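Here the structure is laid out as structure tokens; the discussion comes afterwards.
Number of protein chains: 2
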Amino acid sequence: MRAEEERVSDVDIAEVQEWAREGGALARRYFNNVARQRKADRSWVTQADVEVETMLRERIAARHPEHGVMGEEQGVGAIDREYVWSIDPIDGTGAFVAGLPLWCVSIGLMRRGKPCLGVIYLPILDDCYWADAEGPAYRNDEQISVLTAQTIDGNDWMSVSSYAHRSFTISFPGKTRALSSIAADLCYVARGSALGALIGRANLWDLAAGMSILRAAGGVIRGLSGADLETTELLDGRKLPEPIIAAAPSMIDTLRGYVSRKP
Amino acid sequence: MRAEEERVSDVDIAEVQEWAREGGALARRYFNNVARQRKADRSWVTQADVEVETMLRERIAARHPEHGVMGEEQGVGAIDREYVWSIDPIDGTGAFVAGLPLWCVSIGLMRRGKPCLGVIYLPILDDCYWADAEGPAYRNDEQISVLTAQTIDGNDWMSVSSYAHRSFTISFPGKTRALSSIAADLCYVARGSALGALIGRANLWDLAAGMSILRAAGGVIRGLSGADLETTELLDGRKLPEPIIAAAPSMIDTLRGYVSRKP
Numbered sequence: 000m001r002a003e004e005e006r007v008s009d010v011d012i013a014e015v016q017e018w019a020r021e022g023g024a025l026a027r028r029y030f031n032n033v034a035r036q037r038k039a040d041r042s043w044v045t046q047a048d049v050e051v052e053t054m055l056r057e058r059i060a061a062r063h064p065e066h067g068v069m070g071e072e073q074g075v076g077a078i079d080r081e082y083v084w085s086i087d088p089i090d091g092t093g094a095f096v097a098g099l100p101l102w103c104v105s106i107g108l109m110r111r112g113k114p115c116l117g118v119i120y121l122p123i124l125d126d127c128y129w130a131d132a133e134g135p136a137y138r139n140d141e142q143i144s145v146l147t148a149q150t151i152d153g154n155d156w157m158s159v160s161s162y163a164h165r166s167f168t169i170s171f172p173g174k175t176r177a178l179s180s181i182a183a184d185l186c187y188v189a190r191g192s193a194l195g196a197l198i199g200r201a202n203l204w205d206l207a208a209g210m211s212i213l214r215a216a217g218g219v220i221r222g223l224s225g226a227d228l229e230t231t232e233l234l235d236g237r238k239l240p241e242p243i244i245a246a247a248p249s250m251i252d253t254l255r256g257y258v259s260r261k262p
Numbered sequence: 000m001r002a003e004e005e006r007v008s009d010v011d012i013a014e015v016q017e018w019a020r021e022g023g024a025l026a027r028r029y030f031n032n033v034a035r036q037r038k039a040d041r042s043w044v045t046q047a048d049v050e051v052e053t054m055l056r057e058r059i060a061a062r063h064p065e066h067g068v069m070g071e072e073q074g075v076g077a078i079d080r081e082y083v084w085s086i087d088p089i090d091g092t093g094a095f096v097a098g099l100p101l102w103c104v105s106i107g108l109m110r111r112g113k114p115c116l117g118v119i120y121l122p123i124l125d126d127c128y129w130a131d132a133e134g135p136a137y138r139n140d141e142q143i144s145v146l147t148a149q150t151i152d153g154n155d156w157m158s159v160s161s162y163a164h165r166s167f168t169i170s171f172p173g174k175t176r177a178l179s180s181i182a183a184d185l186c187y188v189a190r191g192s193a194l195g196a197l198i199g200r201a202n203l204w205d206l207a208a209g210m211s212i213l214r215a216a217g218g219v220i221r222g223l224s225g226a227d228l229e230t231t232e233l234l235d236g237r238k239l240p241e242p243i244i245a246a247a248p249s250m251i252d253t254l255r256g257y258v259s260r261k262p
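Order-wise, the sequence lines are chains A and B.
Take the first sequence: its letter number 193 is residue 192 in numbering that gives the first Met the number 0, and every next letter is one higher.
Take the second sequence: its letter number 95 is residue 94 in numbering that gives the first Met the number 0, and every next letter is one higher.
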């Protein structure tokens, strides 16, 4: 057990934060000034996404050649390794091309299929969220934790996907906001700003870093059905089997009760 | 007519931009570090809102003592003047207290009840949107105009209010995002990023600056019923008589058709 812990600590989270900031600076040079094109699923990809992912893969390969990598733009590599990095060079490319501020560089590390370290950097806010397997979670140098409200007020909010108006009926009595980045959704829950997040479609690279941060901040994720999320099944790049909600354990069933899928 | 134009030009829009940037810098010092309290309507107000409005009122009174001022935090002044400033020191206070980036300083000028000049500054993005009565509209030093799409794609988006899930049924085939600031909503339509904005509840201070910018960018505003918005009726501080939509003239009826009020 001790030996395993030492192997986790081979990864220097301060170095991962440097990679995220480097990626953010690279992407920011393209912000408001970017050529964009559609991927097969009609979503946007930009030169910035491609360059940042290439840079991150180079950093990881140079430092941890024995680790696998899966990323949004360049696909799934050797996922049979003990450690697999799951990276999204720009989570929220739609926001990025729209000139909106909430996009981020998301770098997660999975160990045997489970999230064990996460770093998410939001360049426009210069906010870095991070946590390792031991916790706690941080925004920059400030410790963060999820909100454990007893009652829900009209000013409380949850984040939702930008197609929620077509996919879900939501009776949440507070506010809903689409931040346009799943990694940012999880950060705002982890810091105790949003009460919860409703995430519709996602791949592991959208979730990996945020799940480590959310867990270290005291939060959990459940499927709308109530099922646990089996991240091991997402390692091959497939999408979530059902929508999920992230929140404090005391709040998650309440939030689930406010959301139903449209037929 | 010539004399009247000269009187409009008494206002130096570069100076108004300086006020907006000064207000933004003042507010930013409180961002992520602010005491908040509830107003009578349960919405948030912070020390930052109060200080920025006081500063803006001082700048306006010193430069244009003959003008009236109405503002979100300190109410409605002499609205019988030819020129009335309509200011929101922090539009998007909910976003501000949540640590979200899209809040702004909004400074609009009304002439005989009609918007004639607007400056909106978003400190986190360091974006300044502005226009006067002659147009065109600008983001920083770049001219902007509304989007005139022929068809609506799944990646097109419109901004909606953060309580839209409770107030409206929306069948828009693209994405919806709640930016949490009405002034920002209008800027993202004016710059051709959002196809439109659905605004539920608002006062003139939320709209005045954005209406000048939107109009100069080629956009229009209509009530959900199709009625024009009579800004003169909002000078006394009352709220909108009905929800409104902002968009290009060619798009506005299409967007109205996607939105209905819930009973």
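The beta-carbon is built from N, C-alpha and C at its ideal position, and this holds for glycine as well.
Because the structure is a prediction, the values reported are computed rather than measured.
Give, in chain order, every unbroken run of the beta strand (DSSP E) that is at least 3 residues long and sits entirely within the segment 138-222 of chain A. For the segment 138-222 of chain A, whole beta strand (DSSP E) runs of length 3 or above, ordered along the chain, are 141-143, 156-158, 167-169, 174-176, 195-198 and 219-222.
In whole angstroms, what separates the C-alpha of A77/B from that of G222/B? The straight-line gap separating the alpha-carbon atoms of A77/B and G222/B is approximately 27 Å.
For chain A, find out if any of its Cβ atoms is closer than 8 Å to the Cβ of P242/B; answer yes or no. With its beta carbon at least 8 Å from every one in chain A, P242/B lies outside the interface.
If you measure beta-carbon to beta-carbon, which residues of the segment 92-112 of chain A are closer than 9 Å to chain B? So the close ones are G93, A94, V96, A97, G98, L99, P100 and L101.
Distance between T147/A and A130/B (C-alpha atoms, nearest Å): Taking the straight line joining both Cα atoms gives about 44 Å.
Near D79/A, which residues of its chain fall below 8 Å by C-beta distance, leaving aside the five closest residues on each side in sequence? Within the same chain, D79/A has close Cβ partners G67.
Quick check on A13/B - is its C-beta less than 8 Å from some C-beta in chain A? For A13/B, the closest Cβ of chain A is not nearer than 8 Å.
DSSP-derived helix/strand/coil call for I78/B: In this structure, I78/B counts as coil in the three-state DSSP scheme.
Are there 16 or more other CB atoms within 10 angstroms of the CB of G256/A, so buried, or fewer, so exposed? So G256/A ends up on the exposed side.
Select from the segment 221-251 of chain A all residues with a C-beta closer than 9 Å to any C-beta belonging to chain B, and list them in chain order. Identification of residues in the segment 221-251 of chain A having a C-beta nearer than 9 Å to some C-beta of chain B yields an empty set.
When the Cα atoms are used, what is the spatial distance from I251/A to M157/A? Cα to Cα, I251/A sits roughly 12 Å from M157/A.
Would you say the segment 206-226 of chain A touches the segment 197-213 of chain B, given that touching needs at least three Cβ pairs under 8 Å? The segment 206-226 of chain A makes no contact with the segment 197-213 of chain B; the number of CB pairs closer than 8 Å stays below 3.
On a CA-only basis, which of G153/B, G217/B, S105/B and C103/B is nearest G134/B? Give me that one, please. For the options G153/B, G217/B, S105/B and C103/B, the alpha carbon positioned closest to that of G134/B is the one of G217/B.
Helix, strand or coil: which one does DSSP assign to L108/A? Correct three-state label for L108/A: strand.
Of the residues V118/B, L55/B and A183/B, which one's Cα is nearest the Cα of P100/B? Comparing Cα-Cα distances from P100/B to each of V118/B, L55/B and A183/B, the minimum goes to A183/B.
Using a Cβ-Cβ cut-off of 8 Å, state whether W129/B counts as contacting chain A. With respect to chain A, the C-beta atom of W129/B has no partner C-beta closer than 8 Å.
For the beta strand (DSSP E) that M69/A lies in, which residues bound it at each end? Residues G67 to G70.
What residues are listed by DSSP as bridge partners for P114/A? Beta-bridge pairing links P114/A to M109/A.
Could you check where the alpha helix (DSSP H) with I251/A kicks off and where it finishes? Note, I251/A: alpha helix (DSSP H), I251 to G256.
Looking at C-alpha atoms only, which residue of A136/A, T45/A and F167/A is the closest neighbour of V258/A? The shortest Cα separation from V258/A among A136/A, T45/A and F167/A belongs to F167/A.
Could you tell me which residues DSSP puts in a beta bridge with Y120/A? Residue pairing from DSSP places Y120/A in a beta bridge opposite V104/A and C127/A.
Would I123/A pass as an interface residue toward chain B - the criterion being a Cβ-Cβ separation below 8 Å? Interface residue, yes.
Name the residue from V44/B, I244/B and P122/B whose alpha carbon lies nearest to the alpha carbon of T290/B. With chain B running from 0 to 262 in the structure shown, residue 290/B is simply not present.
Restricting to Cα atoms, I'd like to know which of R214/B, S179/B and M69/B is closest to D155/A. For D155/A, the closest of R214/B, S179/B and M69/B by C-alpha to C-alpha distance is S179/B.
Which class does R260/B belong to by DSSP, given the choice of helix, strand or coil? In the structure shown, R260/B adopts extended strand secondary structure according to DSSP, grouped into three states.
Here's a check: name, in chain order, each residue in its chain whose Cβ is nearer than 8 Å to the Cβ of M109/B, leaving out the five neighbours to either side. Y82, V83, W84, S85, C115, L203, A207, T230 and L234, listed in sequence order.
Could you spell out the range, first to last residue, of the alpha helix (DSSP H) harbouring A60/B? Where A60/B is concerned, the enclosing alpha helix (DSSP H) starts and stops at Q46 to R62.
With respect to the beta strand (DSSP E) encompassing A246/B, which residues constitute its N-terminal and C-terminal limits? First-last of the beta strand (DSSP E) with A246/B: I243 to A246.
Report the residue from T45/A, L213/A and G236/A whose alpha carbon sits nearest the alpha carbon of R138/A. Answer by Cα proximity: L213/A.
For L239/A, which residues of its own chain have a beta-carbon under 6 Å away from its beta-carbon, when the five flanking residues on both sides are left out? A201, listed in sequence order.
Considering only the beta carbon of each residue, do G74/A and R56/A sit closer than 8 Å? No, Cβ-Cβ distance for G74/A and R56/A is not below 8 Å.
Where do the N-terminal and C-terminal ends of the alpha helix (DSSP H) with R27/B fall, by residue? That run of the alpha helix (DSSP H) goes I12 to R27.
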